[in-house]
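Residue numbers (full-length UniProt numbering), protein chains in the order written: chain A, 1 to 452; chain B, 1 to 452.
For each residue, glycine too, the CB sits at the ideal point set by N, CA and C.
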């Protein structure tokens, strides 16, 4: 049953309130498709449809809805229903939902849950946003090293309904410290009487619960893991991050980086769904800020007004020169933001990257100076050509260094380097470009400065 | 054994040529770490170390090296060794390597392989780059619907050494057509005597081998799959794309999009590893192209020289106005490039997106016009204020529309929308901004145009 069929069937089910038809969808369609189709209906109809689902399937479809919708539906559910939903949701999604409920809703739901569930929710919900702890799940399978392979498979079969994956099991000692991992594949290939302690891979890859969540994504991608185990301050195993949650994190991080590079703040949803007022709000801040940033360029120009009046041909090259600095700078910034985000470059590389960038920018500047000097000759004669070529060389080097350094500086200040957006770099490079250009012009062409 | 230990041990092993020490690393370190440490040594030492490895482990480490290094090492291996390596590599990595070997090397290796391997390599290597076929593997597990659950588990155990995953098995009919999927989890939870045909999930998610590879990533992320099955033109199952390969594709696509948005062509490797000449080559093309693109701005300015000489205060606002158009445009372009890349927006949405963008840009322009009119009043009086505010309003709308439309146009022309880079948008928006600004100025301030 493909997505289109689900959309059509769901419309019918909402119209007729026929629960038997829903059972057919539930059996034949993917929960992600049911959630996708459901997302287009109002919250009242959504809770109606979810009421028809079996408890486990309901939690699964609910988990695929976006968080705003989850909260809205939760408001339509009575205490018993909400408690049942909480019980069936995966532990990480449940903790995220809990964090978005009102205090009233939390007070309603918590007493309806067993002690162990309450503890689990409180613990997972306590990790700060964007940490590994905030995306991990506590539904993982553990084994003790003394079990045989056959016993371990039985154990995994027993816990399967309550774990996100049984394909990786984590071997722990009596103090819940992680001592090894073993995959179900290894287990079913092993001699059934062999001990887990001998079969397991010791000293596995792990991550701390307080690390940034992107690091879990890096580890999973680098080592091709199904999940990475998470350790707390006391070296105890407290959760796992699965590959599918890692893919969602990666997607979210990439979206964020892109928006920041484009100087748009987080939309929180798809471009198509975003309302006009949301788009306006998310874009206006940077644009207006950059207007005022640009005043420095203007001030530079005002300062050199006499030079401009004497050589109006200089204005001809103004957009070209300031843009070239900005373009070279946004190239460096883009490369650097991405390299910092993927961990390819780290903070301490700054000095060595600076040296390389200086050489690359020098070569780029020389090439562009050559290209532009011909134009200068044609437009304004040899003196203008000299001014333009010299300015181009310096403007490109300065722009590149700004573009390269700003992401490092932001990173150092514990800010997201992606905030070094192309528009910001352009504006900064513009202001310096204007000053460099007219200062060189005034020097070479020998004009008096304003006020002298 | 962590990465740092591996680096140190490997240096020792290369110095002493002690194969027993390598056996320790092989057992205790992750192949990705061994490959990472190995990458820092010359190809001759790399083949020396790989020669110490057991055949299966060797292929695994080799698979984690980047493709340039794989090709260089392959040149150091004799025919027997290379054939053995080919036999042990996963089918997708093997086909990629095959595509990068010289004709001579291909002719050497192919006769040393069995017929079935040769066929597999030829088939996989034939898919065009960036299609699903080019990233899929043919090492997957199939089951026939008549097997019982217990028989199916035995079958998976049997094929485990040669398949990338046994956690998902694909149920096929006699014509190799995909009729269902079943997970190992479901199999071990099922009644051992139940039939696969009854247990399997019918009509599973699938993808065509000729589809763009990003679509496989979308499906895997959307439906939380371990792997997506791949179908050829005749509806036959021909391979699977696993989640770990999907994560690599996602990473590569994101890097490409970022570089394009920053107007840098594909580096093919990390920023830190890239040589200075490579960086120069990859960046110079766009920068020089944009120099010539910027001539249009210059020409616009030359045309309105008289206006500038009469009102030199106009130059004060020049960088501000042209930048604002470029900034608004690169915001729209960034949002649109990303939305097209993730499939959030498709080509046919152009008209409706245009309408929304017009409204958003109108509001943004009005806000910025208001901000800048105060400056105009202060710098040049009410007439200049009017000119600047009016220009700002129009420049922002035009810039946004260019930024929003260019990715669509490129997409329509079957070019990558990410080529609508911020620098390109800025340059186009600049040229139009200059003309708009001075045309409005000339009209409002009532100056004669050049040549009249």
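Review point. Within 8 Å (strictly less), CB to CB, does residue 244 of chain A reach chain B?
Key: yes
Check your understanding: How about residue 339 of chain A and residue 345 of chain A: do their beta carbons lie closer than 8 Å?
Key -> With contacts defined by Cβ atoms closer than 8 Å, residue 339 of chain A and residue 345 of chain A form a contacting pair.
Review point. Relative to chain B, which residues along the stretch 296-320 of chain A have a C-beta separation below 7 Å, given in chain order?
Key: 297, 298, 301, 302, 305, 308, 309, 312, 315, 316, 317, 318, 319, 320
**Study point:** Element boundaries [alpha helix (DSSP H), containing residue 82 of chain A]
**Key:** From DSSP, the alpha helix (DSSP H) with residue 82 of chain A extends over 79-88.
Check your understanding: CA-CA distance, residue 392 of chain B and residue 408 of chain A?
Key -> 33 Å
Check your understanding: Can you find a C-beta in chain B that's less than 8 Å from the C-beta of residue 251 of chain A?
Key -> yes
Point to revise | C-beta contact flag for residue 230 of chain A and residue 368 of chain A at 8 Å | key: no
Point to revise | One or two residues paired with residue 168 of chain B in a DSSP bridge | key: Residue 168 of chain B is bridged by DSSP to B/183.
Check your understanding: Going along the chain, which residues of the stretch 399-433 of chain B sit with their C-beta nearer than 7 Å to a C-beta in chain A?
Key -> 422, 423, 426, 427, 430
Exercise for review: Below 8 Å on the Cβ atoms is my guess for residue 166 of chain A versus residue 185 of chain B; work out the distance and round it to an integer in Å.
Suggested key: 6 Å
Review point. So, does the CB of residue 76 of chain B fall closer than 8 Å to a CB anywhere in chain A?
Key: no
Exercise for review: Consider the Cβ of residue 148 of chain B: report whether some Cβ of chain A lies at a distance smaller than 8 Å.
Suggested key: no
**Study point:** Start-to-end residues for the alpha helix (DSSP H) that takes in residue 6 of chain A
**Key:** If you look at residue 6 of chain A, you'll find it in the alpha helix (DSSP H) that goes 3-16.
Review point. What are the boundary residues of the alpha helix (DSSP H) that includes residue 239 of chain A?
Key: That residue, residue 239 of chain A, is in no alpha helix (DSSP H); its beta strand (DSSP E) goes 237-242.
Check your understanding: Just how far apart, CA to CA, sit residue 170 of chain B and residue 139 of chain B?
Key -> 12 Å
Exercise for review: Verify the CB distance criterion: does residue 207 of chain A have a CB-CB separation below 8 Å to chain B?
Suggested key: no
**Study point:** Boundaries of the alpha helix (DSSP H) in which residue 396 of chain A is found, first to last residue
**Key:** 350-412
**Study point:** Contacts that residue 349 of chain A makes with chain B (C-beta to C-beta distance below 9 Å)
**Key:** 272
Practice item. Please name the residue or residues paired with residue 174 of chain A in a DSSP beta bridge. Key: Looking at the DSSP assignment, residue 174 of chain A forms no beta bridge with any residue, so it has no partner.
Check your understanding: Is it true that the CB of residue 176 of chain B sits closer than 8 Å to the CB of residue 124 of chain B?
Key -> no
**Study point:** Unbroken alpha helix (DSSP H) run spanning residue 227 of chain B, endpoints
**Key:** Per DSSP, residue 227 of chain B belongs to no alpha helix (DSSP H); it is in the beta strand (DSSP E), 227-231.
Point to revise | residue 152 of chain A - containing beta strand (DSSP E), residue span | key: Segment 149-159 is the alpha helix (DSSP H) holding residue 152 of chain A; no beta strand (DSSP E) there.
Exercise for review: Please state whether DSSP places residue 134 of chain A in a helix, a strand or coil.
Suggested key: helix
**Study point:** Three-state class that DSSP yields for residue 452 of chain B in the structure shown
**Key:** Residue placement at residue 452 of chain B is flagged as unreliable, the pLDDT there being 42, under the threshold of 50; the coordinate-derived value follows with that caveat. If DSSP states are grouped into helix, strand and coil, residue 452 of chain B belongs with coil.
Exercise for review: Might you give, ordered along the chain, the residues of its own chain that have their beta carbon closer than 6 Å to the beta carbon of residue 88 of chain A, omitting 5 neighbours on each side?
Suggested key: 55, 56, 59
Check your understanding: Looking at the structure shown, is residue 141 of chain B part of a helix, part of a strand, or coil, going by DSSP?
Key -> Per DSSP, reduced to three states, the secondary structure at residue 141 of chain B is strand.
Point to revise | 8 Å Cβ cut-off: residues of chain B touching residue 222 of chain A | key: For residue 222 of chain A, the neighbours in chain B by C-beta distance under 8 Å run, in chain order, 32.
Review point. Exposed or buried, residue 257 of chain B, counting other C-beta atoms within 10 Å across all chains shown (16 or more means buried)?
Key: buried
Check your understanding: Quick one, are the C-beta atoms of residue 21 of chain B and residue 13 of chain B less than 8 Å apart?
Key -> With respect to the 8 Å criterion, residue 21 of chain B and residue 13 of chain B are classified as neighbours on the basis of their beta carbons.
Check your understanding: Since residue 371 of chain A meets chain B, which of its residues come closer than 8 Å, beta carbon to beta carbon?
Key -> 288, 291, 292
Practice item. Give me whichever residues DSSP pairs with residue 207 of chain A in a beta bridge. Key: A/230
Review point. Is there at least one Cβ from chain A nearer than 8 Å to residue 203 of chain B's Cβ?
Key: The beta carbon of residue 203 of chain B sits closer than 8 Å to some beta carbon of chain A.
Review point. Can you give the Cα-Cα distance for residue 118 of chain B and residue 110 of chain B, rounded to whole angstroms?
Key: 6 Å
Review point. When the cut-off is 8 Å and only beta carbons count, does residue 439 of chain B lie next to chain A?
Key: no
**Study point:** Spatially closest choice to residue 61 of chain A from A/39, A/75, A/76, A/224, by CA coordinates
**Key:** A/39
Exercise for review: State the Cα-Cα distance for the pair residue 314 of chain B and residue 308 of chain B, rounded to the nearest angstrom.
Suggested key: 7 Å
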